[in-house]
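**Q**
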Amino acid sequence: MRLGRLVARGFRNLAPLDLAIPPQGVALLGPNGAGKTNLLEAVAYPVLFRSFRGAADAEVARFGGDGFHVAVHFGAAEPGRQAAATWTAATRTKRITVDDAPIRTLAEAAGRWLTVAFLPTDTGLAAGAPGERRGFLDRMLALADAGYLRALARYRQALARRNAALRRGEVASAAAFEAAL
Numbered sequence: 004m005r006l007g008r009l010v011a012r013g014f015r016n017l018a019p020l021d022l023a024i025p026p027q028g029v030a031l032l033g034p035n036g037a038g039k040t041n042l043l044e045a046v047a048y049p050v051l052f053r054s055f056r057g058a059a060d061a062e063v064a065r066f067g068g069d070g071f072h073v074a075v076h077f078g079a080a081e082p083g084r085q086a087a088a089t090w091t092a093a094t095r096t097k098r099i100t101v102d103d104a105p106i107r108t109l110a111e112a113a114g115r116w117l118t119v120a121f122l123p124t125d126t127g128l129a130a131g132a133p134g135e136r137r138g139f140l141d142r143m144l145a146l147a148d149a150g151y152l153r154a155l156a157r158y159r160q161a162l163a164r165r166n167a168a169l170r171r172g173e174v175a176s177a178a179a180f181e182a183a184l
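When we follow my numbering, the leftmost residue of the sequence shown carries the number 4, and every step to the right adds one.
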């Protein structure tokens, strides 16, 4: 899918915008602090439903603002397809919609589309430990496939329970989780 339009209100330092994205793409140029990364974060937010920098929703909202709304509308190949997120500061709640239908859990939205952002801090993907690469792949696969997201959640839960049993010295209890791992 290609991005056709971006709508943002109260998102970081961006002025309110309703921006049509040309099919040829966009090049972002500007000095440091001009908002290039904030614009890319606004594009990715309704796909990931969180900041790709790991920032809390309160940090994504404009300082002192009521909250934010950000939506992506996909291009001509996918007419009517859209995803949106609205965060309200007063209640600290987030409302997510996909194609105008409310989404209760992030797992419901997984696998519909994918965005990938490489940040300067991601140099560990090439030069770092295998765990960094595995974590990146887990995140990307979880976004691309709801089944993988559910399996990853079950695996992490079994791993945490097994490790807790091992810390308590309950070797027999820990062995019960081996099949799930």
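Idealized CB from N, CA, C, for every residue including glycine.
On a predicted model such as this, the values are computed, not experimentally measured, just so you know.
Is the closest heavy atom of the ligand SAH to the C-beta of A112 under 8 Å?
**A** The ligand SAH is not part of the structure shown, which contains no ligands of any sort.
**Q** Do H76 and G13 have their beta-carbon atoms positioned less than 9 Å apart in this structure?
**A** Residue mapping note: residue 13 aligns to position 10 of the sequence shown, counting from 1. Residue mapping note: residue 76 aligns to position 73 of the sequence shown, counting from 1. No. Outside cutoff.
**Q** Grouping DSSP H, G and I as helix and E and B as strand, with all else coil, what is P123?
**A** Taking the first residue of the sequence shown as position 1, residue 123 is located at position 120. Note: P123 maps to helix in three-state DSSP.
**Q** Can you name the residues that DSSP bridges to F14?
**A** Indexing the sequence shown from 1 puts residue 14 at position 11. According to DSSP, F14 bridges with A64.
**Q** Is it the case that the segment 18-33 contacts the segment 90-102, given that we only count it when at least three CB pairs across the two stretches are under 8 Å?
**A** no
**Q** Can you tell me whether DSSP reads G70 as helix, strand or coil?
**A** Counting from 1 along the sequence shown, the entry for residue 70 is found at position 67. DSSP places G70 in strand when its eight states are reduced to three.
**Q** Between the alpha carbons of V101 and V174, how many angstroms are there, rounded?
**A** Taking the first residue of the sequence shown as 1, we reach residue 101 at position 98. Taking the first residue of the sequence shown as 1, we reach residue 174 at position 171. In this structure, the alpha-carbon of V101 lies about 45 Å from that of V174.
**Q** Taking 8 Å as the limit between beta carbons, can you name the residues of its chain near D103, skipping five residues before and five after?
**A** As a working note, residue 103 is residue 100 in the sequence shown. Hits under 8 Å: Q85.
**Q** For P25, which option in P34, N35, G134 and L6 has the closest C-alpha, if you only look at C-alpha atoms?
**A** Numbered from its first residue, the sequence shown carries residue 25 at position 22. With distances taken between Cα atoms, P25 lies closest to L6.
**Q** So, with DSSP's three-state summary, where would you put R98?
**A** Sequence index remark: in the sequence shown, residue 98 carries index 95 (1-based). Correct three-state label for R98: strand.
**Q** Let me know the secondary structure DSSP gives V29 once reduced to three states.
**A** Against the sequence shown, residue 29 aligns to sequence position 26. In the structure shown, V29 sits in coil (DSSP, three-state: anything other than H, G, I, E or B).
**Q** If we call anything under 9 Å between Cβ atoms a contact, is A145 one with R95?
**A** As a position in the sequence shown, residue 145 is number 142, starting the count at 1. As a position in the sequence shown, residue 95 is number 92, starting the count at 1. Cβ distance not < 9 Å, so A145 and R95 don't count as in contact.
**Q** Can you name the start and end residues of the alpha helix (DSSP H) that P34 belongs to?
**A** For the purposes of this step, residue 34 is taken as residue 31 along the sequence shown, with counting starting at 1. Secondary structure note for P34: it is in no alpha helix (DSSP H), with a DSSP letter that is neither H nor E.
**Q** May I ask which residues mark the beginning and end of the alpha helix (DSSP H) holding L184?
**A** Position 181 of the sequence shown holds residue 184. Premise fails: L184 is in no alpha helix (DSSP H) and is neither H nor E.
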